[in-house]
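> My questions will all concern the structure given below.
In the numbering used here, the protein residues as written are 8 to 79.
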């Protein structure tokens, strides 16, 4: 499933968000997003913050994979 630029501009679909979260859980992943990311990405993230905060959070999580959505 692909998130288009149009969907990013208007907000991701609930279906897309649910699929991202499902995939993250199935891969033992946590999603962290920088606070400069677009709202659609922040909405699916488990944690949102600045770079320092996300680095600290990432050092403490139990999941085996970290999906880090950084500044673009």
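Backbone N, C-alpha and C define an ideal beta-carbon position, used for all residues, glycine too. Nothing here was measured: the structure is a model prediction, and the numbers come from that model.
At the level of alpha carbons, what is the spacing between residue 40 and residue 21?
Taking the straight line from one Cα to the other gives about 18 angstroms.
> Can you name, in chain order, every residue of its own chain whose Cβ lies under 6 angstroms from the Cβ of residue 77, other than the five neighbours on each side?
Answer for residue 77: 41, listed in chain order.
> Could you tell me how far apart the beta carbons of residue 38 and residue 68 are, in whole angstroms, since I believe they sit closer than 8 angstroms?
Not quite, the Cβ-Cβ distance comes to about 10 angstroms (not below 8 angstroms), so this is no contact.
> In angstroms, rounded to a whole number, what distance separates the CA positions of residue 57 and residue 65?
Looking at the two C-alpha atoms, the distance is approximately 12 angstroms.
> When the Cα atoms are used, what is the spatial distance from residue 72 to residue 61?
Their Cα atoms are separated by approximately 14 angstroms.
> Compute the beta-carbon to beta-carbon distance between residue 24 and residue 50, rounded to the nearest angstrom, for a pair I have assumed lies under 8 angstroms.
Indeed they touch by this definition, with Cβ atoms about 6 angstroms apart.
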